[in-house]
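In our numbering, the protein residues as written are 12 to 207.
Printed below as a string of structure tokens:
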């Protein structure tokens, strides 16, 4: 009985970020997530439980992730990328997801992934000095998983997204893909930590 009295009773909600509302076909860890957290707080909720948030395979299940440490790039908020000066808002103008009541992963991937890759390629030109410094530090601090994951991303790109056992290329030919993957992971982790 004494142990029970030491712990304060808490309550919360289980909701995966993909289930949040959002204009781009999937919930993101940007403005709608901030509103959700504020709403939880207003209701006196102290916990937000989520499903795993790693990058998923072709089944798109949060329980089928390609990495223990990497974040799901589909959760990156495009609106925050615009606010950060990394993405031109004109790219997003007029986009409306076909179905706001369920996620059509192929549509989301076909829309968001090229945008995220473009942001990755243009990061060195568009990022602020502070963001570039944070990126370099992120790469150092997270190198124990980021280097391998980024090479894996690059090899998936070079092998047309096939499963690893079907790869013809086994060593990275294009190091730009490695950099792109590191930037995208940095952006995910940056936005995730801002949400905290």
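In this text, a Cβ means the ideal position worked out from N, Cα and C, and glycines have one as well. On a predicted model such as this, the values are computed, not experimentally measured, just so you know.
Cα-Cα separation, residue i to residue j
{"i": "residue 137", "j": "residue 43", "result": "25 Å"}
{"i": "residue 50", "j": "residue 94", "result": "23 Å"}
{"i": "residue 152", "j": "residue 143", "result": "14 Å"}
{"i": "residue 64", "j": "residue 206", "result": "14 Å"}
{"i": "residue 179", "j": "residue 22", "result": "51 Å"}
{"i": "residue 145", "j": "residue 99", "result": "21 Å"}
{"i": "residue 47", "j": "residue 155", "result": "33 Å"}
{"i": "residue 141", "j": "residue 174", "result": "37 Å"}
{"i": "residue 20", "j": "residue 139", "result": "43 Å"}
{"i": "residue 120", "j": "residue 111", "result": "15 Å"}
{"i": "residue 70", "j": "residue 129", "result": "25 Å"}
{"i": "residue 52", "j": "residue 181", "result": "49 Å"}
Close beta carbons around residue i, own chain, < 7 Å, minus the five adjacent residues each side
{"i": "residue 68", "result": "75 and 77"}
{"i": "residue 189", "result": "161, 162, 165 and 183"}
{"i": "residue 185", "result": "165 and 169"}
Whether residue i touches residue j by CB criterion (8 Å)
{"i": "residue 134", "j": "residue 97", "result": "yes"}
{"i": "residue 25", "j": "residue 60", "result": "yes"}
{"i": "residue 40", "j": "residue 203", "result": "yes"}
{"i": "residue 31", "j": "residue 84", "result": "no"}
{"i": "residue 191", "j": "residue 131", "result": "yes"}
{"i": "residue 115", "j": "residue 198", "result": "no"}
{"i": "residue 82", "j": "residue 172", "result": "no"}
{"i": "residue 108", "j": "residue 34", "result": "yes"}
{"i": "residue 193", "j": "residue 150", "result": "yes"}
{"i": "residue 62", "j": "residue 73", "result": "yes"}
6 Å Cβ shell around residue i - same chain, five flanking residues per side excluded
{"i": "residue 118", "result": "36"}
Cβ neighbour criterion (16 or more within 10 Å) applied to residue i
{"i": "residue 200", "result": "buried"}
{"i": "residue 148", "result": "exposed"}
{"i": "residue 125", "result": "exposed"}
{"i": "residue 176", "result": "exposed"}
{"i": "residue 38", "result": "buried"}
{"i": "residue 89", "result": "buried"}
{"i": "residue 91", "result": "buried"}
{"i": "residue 157", "result": "buried"}
Residues sharing a beta bridge with residue i, DSSP
{"i": "residue 24", "result": "59"}
{"i": "residue 67", "result": "76"}
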